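Okay, so here's the structure we're looking at.
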Amino acid sequence: MALAPTRERTAARPPSPTPSRGFWSSTLGKKTVMAVSGLIMLGYLVAHVAGNLKVFFGPEEFNAYGHWLRVMGAPVLHHEWALWLVRIVLLAAVVAHAVSAYQLSRRDIKARPTAYVHRRKRSSYATRTMRWGGIILALFIVWHVLDLTTGTVHPGGFEEGKPYQNVVDTFSTWYGNVVYIVAMLALGLHVRHGFWSAAQTLGVGSARRERLLKVLANALALVLTAGFVSVPVAVMTGVVS
237 MALAPTRERT
247 AARPPSPTPS
257 RGFWSSTLGK
267 KTVMAVSGLI
277 MLGYLVAHVA
287 GNLKVFFGPE
297 EFNAYGHWLR
307 VMGAPVLHHE
317 WALWLVRIVL
327 LAAVVAHAVS
337 AYQLSRRDIK
347 ARPTAYVHRR
357 KRSSYATRTM
367 RWGGIILALF
377 IVWHVLDLTT
387 GTVHPGGFEE
397 GKPYQNVVDT
407 FSTWYGNVVY
417 IVAMLALGLH
427 VRHGFWSAAQ
437 TLGVGSARRE
447 RLLKVLANAL
457 ALVLTAGFVS
467 VPVAVMTGVV
477 S
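Residue 237 is where the sequence shown starts when you use the numbering used here, and the numbers rise one by one after that.
Right, here's the structure in full:
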């Protein structure tokens, strides 16, 4: 005859302690990494477009700017040390941004395995194309580095230390212009949505600031796109030659 279970036997076991979820494991953590890395890249883009626009001041000034990038930080830093430091930080930001975006996308798909029957009407074109825009930009970065940094796929005779001539060579080809302009349009859409999204993630956004943030996001996207696109257009029209 079985004995009736005692109160001690029937008492529920206390839950085993589990380690708290790490920052990176949480959705908020991934969004924060994505926002911060995106802002780092945005800062680089602002500096980069300002440097690119020096091409309008002629080959001497643009080539001098290219030389300064390699000697900045001298004499404290050796040749190209500061440039490589910038490259490493930028590469880390790109990888962190891409990995967090991919993992958030996979998590979102798993949470909603069945696609929506109707898309939300309020979702902007930039929001719906963020994923494809990111892929386009990733491919463009590889091409851009192989073209104007290493010269591997450069259409003309790549000349080390003469960025002005290298830029003219690239944008003297139809495919160089197409690749660059399409990528810059994708960049504009990415910045437009990404800046506003980063502000929301980092707690900067609010109902009162929403309009201001959207105006700022649109302005940044427009200025960056126009600034970058102006270079191939200037080469195509003979303004820069």
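All C-beta atoms in this analysis are idealised placements derived from N, C-alpha and C, irrespective of residue type, glycine included. Since this is a predicted model, take the numbers as computed values, not measurements.
For this session: Measure the alpha-carbon distance for I372 versus M366 and round it to whole angstroms.
Result: Going by the C-alpha atoms only, they are around 10 Å apart.
Exercise. Any idea what DSSP makes of H315, helix, strand or coil?
Worked result: In the structure shown, H315 falls within a coil segment according to DSSP collapsed to helix, strand and coil.
Problem set entry | Buried/exposed call for F407, threshold 16 Cβ in 10 Å | buried
For this session: Thinking F292 and V476 are a contact (beta carbons under 8 Å), I'd like their distance in whole angstroms, please.
Result: Yes, F292 and V476 are in contact; Cβ-Cβ is about 7 Å, under 8 Å.
Problem set entry | Environment of L460 [buried if 16+ CB atoms lie within 10 Å] | buried
Problem set entry | Nearest-angstrom beta carbon gap, A347 and M277 [assumed within contact, 8 Å] | Contact flag wrong, Cβ pair sits at about 27 Å.
For this session: Using the Cα positions of Q339 and P295, report the straight-line distance between them to the nearest angstrom.
Result: 44 Å
For this session: Assess, as a yes-or-no matter, whether the region 266-273 is touched by the region 420-437 under the definition of 3 or more beta carbon pairs within less than 8 Å.
Result: yes
Problem set entry | DSSP state of P468 mapped onto helix, strand, coil | P468: helix per DSSP, three-state reduction.
For this session: Under the assumption that K266 contacts S341 (Cβ atoms under 8 Å), give the Cβ distance between them as a whole number of angstroms.
Result: Incorrect: roughly 10 Å between the Cβ atoms, too far for contact.
Exercise. In or out: S433 buried (at least 16 other Cβ within 10 Å) or exposed?
Worked result: Classification for S433: buried.
Exercise. From V465 to A300, what distance separates their C-alpha atoms?
Worked result: 22 Å
Problem set entry | Collapsed DSSP secondary structure at H188 in the structure displayed | Given a span of 237 to 477 for the chain in the structure shown, any question on residue 188 remains unanswerable.
Exercise. Can you tell me the Cα-Cα spacing of S261 and G392, whole angstroms?
Worked result: 47 Å
Exercise. Do you know how far the Cα of I324 is from the Cα of V285?
Worked result: 19 Å
Exercise. Based on Cα-Cα distance, which residue from E396, F376, H390 and A443 lies nearest to A419?
Worked result: F376
Exercise. When burial is assigned at 16 or more other CB atoms within 10 Å of the CB, is Y411 buried or exposed?
Worked result: exposed
For this session: Take L313 and list the residues in its own chain whose beta-carbon comes closer than 7 Å to its own, dropping the five residues that flank it on each side.
Result: none
Problem set entry | Own chain residues within Cβ distance below 7 Å of G309, not counting five before or after | W317 and A318
For this session: Would you please state the rounded distance, in angstroms, between the beta carbons of L425 and G370? I believe it to be under 8 Å.
Result: Not really, about 10 Å apart at Cβ, beyond 8 Å.
Problem set entry | Rounded distance between the beta-carbons of N413 and M472, thought under 8 Å | 6 Å
Problem set entry | Beta-carbon proximity list for K290, same chain, < 6 Å, skipping 5 on both sides | E297, F298 and Y301
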